[in-house]
Structures are given as structure tokens and as C-alpha cells.
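Participant: Heads up: the sequence shown begins at 16 in my numbering, then just goes up one per residue. Where is the CB? At the ideal position from N, CA and C, for every residue including glycine. Every value quoted in this text rests on a predicted model; they were computed, and no experiment measured them.
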Amino acid sequence: MKYLEISKIYIKSQLVWRADVVFQVLFTVTKILFAYLLWGIIFHDRTEVAGFSFQSMLSYYVISSFLSQIEMSDGISSEISQRIRNGTFSKYMVIPIDIQKYFIAMEAGVVAYYGIFQFMAAFVWVIIFRIQFVVSHNPIIILCGFLLVVLGLLFMVQLNYYLGLLALKYQEIGTFLMIKNNLVAFITGSIVPLMLLPEGIVSVMKFFPFYYITYLPSMLFIGQLESEAVPGLVIIFIWCVMLQVLIHVTWGSYRRKYDGVGI
Numbered sequence: 016m017k018y019l020e021i022s023k024i025y026i027k028s029q030l031v032w033r034a035d036v037v038f039q040v041l042f043t044v045t046k047i048l049f050a051y052l053l054w055g056i057i058f059h060d061r062t063e064v065a066g067f068s069f070q071s072m073l074s075y076y077v078i079s080s081f082l083s084q085i086e087m088s089d090g091i092s093s094e095i096s097q098r099i100r101n102g103t104f105s106k107y108m109v110i111p112i113d114i115q116k117y118f119i120a121m122e123a124g125v126v127a128y129y130g131i132f133q134f135m136a137a138f139v140w141v142i143i144f145r146i147q148f149v150v151s152h153n154p155i156i157i158l159c160g161f162l163l164v165v166l167g168l169l170f171m172v173q174l175n176y177y178l179g180l181l182a183l184k185y186q187e188i189g190t191f192l193m194i195k196n197n198l199v200a201f202i203t204g205s206i207v208p209l210m211l212l213p214e215g216i217v218s219v220m221k222f223f224p225f226y227y228i229t230y231l232p233s234m235l236f237i238g239q240l241e242s243e244a245v246p247g248l249v250i251i252f253i254w255c256v257m258l259q260v261l262i263h264v265t266w267g268s269y270r271r272k273y274d275g276v277g278i
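#1: Going by beta-carbon coordinates alone, are isoleucine 194 and phenylalanine 223 separated by less than 9 Å?
#2: Restricting to runs no shorter than 3 residues, where is the beta strand (DSSP E) found entirely within the stretch 23 to 103?
#3: Which whole runs of the beta strand (DSSP E) in the stretch 177 to 231 are 3 residues long or more, in chain order?
#4: Alpha carbon to alpha carbon, how far is alanine 182 from valine 109? Give it in angstroms, no decimals.
#5: Can you list the alpha helix (DSSP H) stretches of 4 or more residues lying completely in the stretch 99 to 146, in chain order?
#6: I think glycine 124 touches serine 22, with their Cβ atoms under 8 Å apart; what is that distance to the nearest whole Å?
#7: Between the Cα of valine 149 and the Cα atoms of Ile112, Leu258, Leu261 and Ser233, which residue gives the shortest distance?
#8: Below 7 Å CB to CB, which residues in the same chain sit around glutamine 70 once its five sequence neighbours on both sides are set aside?
#9: Using C-beta distances below 8 Å, list every residue in its chain close to aspartate 89, excluding the 5 sequence neighbours before and after it, in chain order.
#10: Pick out whichever of Ser92, Leu198, Tyr25 and Ile119 has its Cα sitting closest to the Cα of methionine 189.
#11: I need the boundaries of the alpha helix (DSSP H) containing serine 268, first residue and last residue.
#12: Per DSSP, what kind of secondary structure is valine 276 in: helix, strand or coil?
#13: Just the C-alpha distance for methionine 210 and isoleucine 237, rounded to the nearest angstrom, thanks.
#14: In whole angstroms, give me the CA-to-CA distance for tyrosine 177 and valine 44.
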């Protein structure tokens, strides 16, 4: 299958950028180390904070750091916008592939490659910090968590693909990307667990897809918020469908404005 071959090509191509793997691993280690020091101080005179024990909090950070680091679809919007501006995007429009599926396959290859090293780094630091790793013993919940991770990664690919397509109409999409990056860093729960925020704010976040990309899967893996597993899958799936419709409409509208290609 041609898209599988694309994934394999991108796995191999990452071998050229071995230094990037080191930096990505260091970012993961930095997050875990920061969490260990910060929450070690907070838990010094208490055994529980917002339903978390010290070990479950560290387990959350290990998982959320891993998930946030393997989400690397930012490059999709950047590549699309750059190729549109320099006139080389046409190559995707003439080769016999679906452009969006090409980028999904590309992202799958990148995630597979970096995911191995990120997992190894997280595992090593669990041993170094002697974290008594907390994990759900319910296989159904674990499965729901994995499905949420897959749908979350798919949604982020869709989102970055859509933002890249906006370059077909707008000369500069940097503002869109900056807003997206700042929002995602906070509302996915990769900085602090969303459970620590006011309940009203968290309730509003549940209507949006970012709640289900990093935060909810991480919580499910450590055995918390299990009642939200199935509703979470339904909501993120609906968001993926709606965004796909938006992509289809946007592509159909904007492609004719790109150097007359596709008319």
C-alpha cells in the first residue's frame, strides 16, 4: 500500500536527523524532572492534592509528557504554507495520491520513529526516579485511552493540515499557528492537570477536542475519570468528522485560487 510505503520512507528519513531525537528526549526528561521537583515540594507535607497522590501525579506527567512529545504535526502546516508560497505545492496536486492521506502517513511515520525513543526515555526516568507507576487495571479503559490517543493525533493532523491550507488564501498564517500553539500547550493539560483548574472552566473545556488529546487519555491510563472514556471517544470522533468536512469545503473553495491548478 502506497501510504504505508510513505510512512516507511519517513521513518527512514528521520535517521538523518538523529540530533532532533536527542533534543526531543531532553524535552521529555525536563518535563518529568520539573514535575518531580515541583510536586515533591507541594506533596512534602500532604498526601493528596485534588485526588492525586504524589506517585499518581508523577505517573500523569510521565504519560502526558510522552503524549505531548509524540504529537509532531506542527510541521505539516509549516510545510504546506511554505510550499504554497514558493510555488512547489503543485507537486502534491499532480501526483496520484490523496494529499491529506499523504500527510497522515507522513505523520504516522514520524510518530512511530520518535515514539520509540520517547517511550524508552520515559521508562528510564521511571526507574531513575523510582516512580511507583500508577496504571489502570481495566483493559477496556486502557483500550479507550489508546483510541483517544489515536483520534487525538488524527485531529491534530487534520487541524494543522487545515491551517496549512489557509495559505491558499492568506499570505501569512503565522498568527493562526501562534494562537493554536499557545492554546494547545495549556488546554491539553500538558502543563498542569486540568483537574487543578476551577470546575466551571474544566466543564467548558469538555466541549472542545483538546481536552481529549492529552489530558483525558493520561487520566484514563492512571485509572481516573473512567466514566468519561466513552463520552470522550464520541466527542473527539465528532470533532474529527466536523473538521474533515471543513477541510473538504475549504480545499474545494481555495484550490482554484492557487495558480489556476485544478480548474
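Facilitator: Result, derived from the coordinates:
#1: Against the sequence shown, residue 194 aligns to sequence position 179. Against the sequence shown, residue 223 aligns to sequence position 208. Going by C-beta atoms, isoleucine 194 is not nearer than 9 Å to phenylalanine 223.
#2: none
#3: none
#4: For the purposes of this step, residue 109 is taken as residue 94 along the sequence shown, with counting starting at 1. For the purposes of this step, residue 182 is taken as residue 167 along the sequence shown, with counting starting at 1. Roughly 19 Å separates the two Cα atoms.
#5: 105 to 109 and 114 to 143
#6: Counting from one through the sequence shown, the residue named residue 124 turns up at place 109. Counting from one through the sequence shown, the residue named residue 22 turns up at place 7. With a Cβ gap of about 4 Å, glycine 124 and serine 22 count as contacting.
#7: Here residue 149 refers to the residue found at position 134 of the sequence shown. Closest option to valine 149, Cα to Cα, is Ser233.
#8: Within the sequence shown, residue 70 is the residue found at index 55, counting from 1. Around glutamine 70: Ile146, Gln147 and Val149.
#9: On the sequence shown, position 74 is the one that residue 89 refers to. Hits under 8 Å: Asn175, Leu192 and Asn196.
#10: Counted from its first residue, the sequence shown places residue 189 at position 174. According to the sequence shown, residue 189 is glycine rather than methionine. Out of Ser92, Leu198, Tyr25 and Ile119, Ser92 has the C-alpha closest to the C-alpha of glycine 189.
#11: For the purposes of this step, residue 268 is identified with residue 253 of the sequence shown, where counting begins at 1. Here the alpha helix (DSSP H) through serine 268 covers 244 to 269.
#12: Counted from its first residue, the sequence shown places residue 276 at position 261. Its pLDDT being 47, under 50, valine 276 is placed unreliably in this model, and the value from its coordinates should be taken loosely. Three-state DSSP puts valine 276 in coil, outside helix and strand.
#13: Residue mapping note: residue 210 aligns to position 195 of the sequence shown, counting from 1. Residue mapping note: residue 237 aligns to position 222 of the sequence shown, counting from 1. Near 14 Å, if we compare the C-alpha coordinates of isoleucine 237 and methionine 210.
#14: In the sequence shown, the residue the question calls residue 177 occupies position 162. In the sequence shown, the residue the question calls residue 44 occupies position 29. One C-alpha to the other measures close to 31 Å.
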